[in-house]
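Peer 1: This is the structure I have questions about; it appears just below.
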Amino acid sequence: MTERRRGRPLLDRSGMCPYCGVSAVPEQRFCARCGRPLEEGAYQSAAGREYPDSDREYRKTAYQDALAPMSGRTGALLVTSLLPWLVGFIPVLGWLGEPALAIWNLLLYRRGQDIGARLLGLRVVRHTGELAGFFHMWTRNLASILSLVVAGAGYWTAYSDPHRQTWHDKMMRTYVVDNTREMDERPGTSSAAAVAAFWISLPVILGIAIWAIAWGIGTLRDYY
């Protein structure tokens, strides 16, 4: 019989996931095979929901979201990375399409998505169960650079991680889950550290962009 007390593991007596039957440990929050939550959480309904404010509290509750499959996450990453590049090859349209996609991507950040996540039905949530807000998504994207270090280990290790987290997910305490209608009722929030990282990184990124544009213009002048 499956145990369903608040904050307790939803494992049967043999230590199996009640959804797919794969072996799991009591401390495991999500099934490694099917991605279903193995703890009953505080998020019983959208109305009157209380969000935990610490990892310790979160471990006692856990939200009732299904982790996104790695195939979907990989597809979303490819779409977000390659779509602007492909649009850039279209004559004339590329000059308009690339900035438009960049703006759309930033707007999606406010609700825990980017272009790939939007098109493939994924969301990024914080350890509190709230959607990752603009500043949190921005800083998470910057942190993804660290996941590329050591031959992209921060990405491919997510395939064997029990919570399917990349290095930057672990740094930002985020999870990628399947999108549902209920997600629209959750607030998008960012940590104070993420907000600070945004304001620190913004002038650096703008400076690099201005330098790149100036260098490109200078190169074109020399060429022609």
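Add 227 to a position in the sequence shown, counting from 1, and you land on the number used in the numbering used here.
Glycine included, C-beta positions come from ideal geometry on N, C-alpha and C.
Taking Cβ positions, are Arg367 and Thr401 nearer each other than 8 Å?
Peer 2: Yes.
Peer 1: Please state whether the Cβ-Cβ distance between Leu349 and Val306 is less than 8 Å.
Peer 2: Going by C-beta atoms, Leu349 is not nearer than 8 Å to Val306.
Peer 1: Cα separation between Thr446 and Ala439?
Peer 2: Computed Cα separation, rounded: 10 Å.
Peer 1: What do you reckon, are the CB atoms on Ala357 and Arg413 nearer than 8 Å?
Peer 2: Note on identity: in this sequence residue 357 is Glu, with Ala being the wrong assignment. Contact flag set, yes.
Peer 1: Would Asp411 be called buried (16 or more neighbouring beta carbons within 10 Å of its own) or exposed?
Peer 2: Exposed: under 16 other Cβ atoms inside 10 Å.
Peer 1: Measure the beta-carbon distance from Gly415 to Ala359 and round it to whole angstroms, keeping in mind my assumption that it falls under 8 Å.
Peer 2: The pair is a contact, with the Cβ atoms about 7 Å apart (cut-off 8 Å).
Peer 1: Taking its Cβ as the centre, do 16 or more other Cβ atoms sit within 10 Å of Leu294, making it buried, or is it exposed?
Peer 2: With 16 or more other Cβ atoms within 10 Å, it is buried.
Peer 1: Using the beta-carbon count (16 or more within 10 Å), is Trp394 buried or exposed?
Peer 2: Classification for Trp394: buried.
Peer 1: Kindly give me the distance between the Cβ atoms of Leu369 and Ala329, rounded to whole angstroms, as I take these residues to be in contact under 8 Å.
Peer 2: With a Cβ gap of about 15 Å, Leu369 and Ala329 do not count as contacting.
Peer 1: Note down the Cα distance separating Ile444 from Gly434, rounded to an integer number of angstroms.
Peer 2: Between Ile444 and Gly434, the C-alpha separation is close to 15 Å.
Peer 1: Beta-carbon separation of Leu310 and Ile342 under 8 Å?
Peer 2: It is a contact, given that the beta carbons lie within the stated cut-off.
Peer 1: Per DSSP, which one or two residues make a beta bridge with Ala183?
Peer 2: Outside the modelled stretch of the chain, which goes from 228 to 451, sits residue 183, for which no answer is possible.
Peer 1: Alpha carbon to alpha carbon, how far is Ile427 from Ala436?
Peer 2: Approximately 15 Å, taken between the alpha carbons.
Peer 1: Around the Cβ of Tyr336, are there at least 16 other Cβ atoms within 10 angstroms (buried) or fewer (exposed)?
Peer 2: With 16 or more other Cβ atoms within 10 Å, it is buried.
Peer 1: Hey, out of Leu334, Thr407, Phe361, whose CA is closest to Val422's CA?
Peer 2: Comparing Cα-Cα distances from Val422 to each of Leu334, Thr407, Phe361, the minimum goes to Phe361.
Peer 1: Straight-line CA distance for Ile432 to Arg408?
Peer 2: Cα to Cα, Ile432 sits roughly 35 Å from Arg408.
Peer 1: According to DSSP, is Leu375 helix, strand or coil?
Peer 2: Three-state DSSP puts Leu375 in coil, outside helix and strand.
Peer 1: By Cβ distance, which residues of its chain are closer than 6 Å to Met398, with the 5 residues on each side in sequence left out?
Peer 2: Ala370, listed in sequence order.
Peer 1: Are the beta-carbon atoms belonging to Ala380 and Met297 less than 8 Å from one another?
Peer 2: No, they are not a contact pair.
Peer 1: Just curious, the alpha helix (DSSP H) that Leu334 is in, first and last residue?
Peer 2: Leu334 -> alpha helix (DSSP H) spans 320-336.
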